[in-house]
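Here the sequence shown stands for residues 30 to 245, where the numbers follow the working numbering.
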Amino acid sequence: MPSLHSKEDDGASLIAPPVPQRRASRLEMQMQKHKSLFLPERKVTCVLVGDGAVGKTSLVEEFAQLRSLCYKNADIFLLCYSVVLPSSFHSVTSRWASEIHRLCPDAPIILVGTQSDLREDVHVLIQLAQNQEQPITTEEARVCAQHINAVTFTECSALTQKNLKEVFDTAILASMQDNEILQQNHCLTKTPKKIRKLSESWWKKFSCIGGTNMPQ
């Protein structure tokens with residue numbers, strides 16, 4: 030007998046059913062669990078320093094002896110200054126960098142310019158001009174970063190969130206890379222200069238994250 034199905038029914042019967050999502054095999058799940066057991070989470074101790082409200086040590090700025098306790102076991106330092114506060118920038122070389130190198134010579138430093146959103150603020154520029162001052166340029170900061178042997182230099186804004194995440198991502202990368210160099214060289218101590226012995230390709234990626242290209 031001839032089929033009683035319509036053309037519409039025949040067309041519908043040709044549509045394939047949806048393919049179910051692939052589930053992870055038991056072996057894959059066990060391997061993932063195995064990795065999580067043998068790859069413990071590594072914590073990075075990052076210390077922010079700087080003048081006034083620039084750094085987290087501002088609350089103990091008048092207690093110089095207590096700062097050594099804050100620096101203890103630091104993996105990396107974020108040495109901060111405000112791009113619209115020249116005095117904080119001068120303190121980088123006259124005070125903070127020398128203190129960090131003296132108390133924690135092993136820890137790398139990242140120079141961070143904060144409040145970058147105020148660099149073109151009219152009211153801020155007028156106040157600076159009245160004191161015959163101007164915002165700190167990126168070129169001045171790069172020269173300073175080289176002078177204090179910093180890993181790299183970057184700028185950020187807490188108000189606009191610009192480059193804020195990148196600052197801490199850079200700090201984590203620098204700390205991890207510094208630790209890898211120690212393991213490869215089987216050294217008991219480390220120096221900031223060792224982190225400069227990175228491959229050229231790694232430095233290009235690192236500088237991209239940091240928001241600047243440090244001269245070799």
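C-beta atoms are modelled at their ideal positions from N, C-alpha and C, and glycine is treated no differently.
Original post:
Would you call the CB atoms of SER248 and ASP146 closer than 8 Å?
Top reply: Only positions 30 to 245 of the chain appear in this structure, which leaves residue 248 out of reach.
Subject >> GLN144 classed as buried or exposed, judged by whether at least 16 other C-beta atoms fall within 10 angstroms >> reply: buried
Subject >> DSSP-derived helix/strand/coil call for LEU88 >> reply: Because LEU88 sits at a pLDDT of 45, beneath the cut-off of 50, its placement in the model cannot be relied upon, and the point is left open.
**OP:** Identify the continuous alpha helix (DSSP H) that holds CYS185 and give its terminal residues.
**Re:** Per DSSP, CYS185 belongs to no alpha helix (DSSP H) and is neither H nor E.
Subject >> contact_flag[the segment 173-184, the segment 132-141] where n(CB pairs < 8 Å) is 3 or more >> reply: yes
Original post:
Looking only at its own chain, which residues have a Cβ that is under 8 Å from the Cβ of ALA200, when we skip the five neighbours before and after it?
Top reply: VAL73, CYS75, ILE105, LEU107 and ILE139
Subject >> Rounded separation between ILE129 and LEU157 - CA only >> reply: 29 Å
**OP:** Would you kindly work out how many angstroms separate the C-alpha atoms of LYS164 and SER120, rounded to a whole number?
**Re:** At residue 164 the sequence reads Pro, which differs from the Lys that was named. C-alpha separation (whole angstroms): 15 Å.
**OP:** Specify the secondary structure class of ALA136 as computed by DSSP and reduced to three states.
**Re:** coil
**OP:** For LEU217, collect the residues of the same chain with a Cβ closer than 8 Å to its Cβ; drop the 5 residues on either side in sequence, then sort them by chain order.
**Re:** Unreliable positioning characterises LEU217 in this predicted model, as indicated by a pLDDT of 41, which lies under 50. The coordinate reading is nonetheless provided below. Cβ within range, chain order: n/a, list empty.
Subject >> Range covered by the alpha helix (DSSP H) that runs through VAL153 >> reply: 151-159
Original post:
Do you know how far the Cα of CYS99 is from the Cα of TYR110?
Top reply: 18 Å
Original post:
Apart from the five residues just before and just after GLU162, which ones in its own chain have a Cβ nearer than 6 Å to its Cβ?
Top reply: PRO115
**OP:** Please report the Cβ distance between VAL113 and VAL153, rounded to the nearest whole angstrom; I am assuming they are in contact, meaning their Cβ atoms lie under 8 Å.
**Re:** 5 Å
Original post:
Which residues in the same chain have their Cβ closer than 6 Å to the Cβ of ALA270, if we skip the five residues on either side of it in sequence?
Top reply: There is no way to answer for residue 270, as the model of the chain reaches only from 30 to 245.
Original post:
Does ARG131 come within less than 8 Å of chain D when only Cβ atoms are used?
Top reply: Protein chains in the displayed structure number just one, and chain D is not present.
Original post:
Terminal residues of the continuous alpha helix (DSSP H) containing SER116?
Top reply: 115-120
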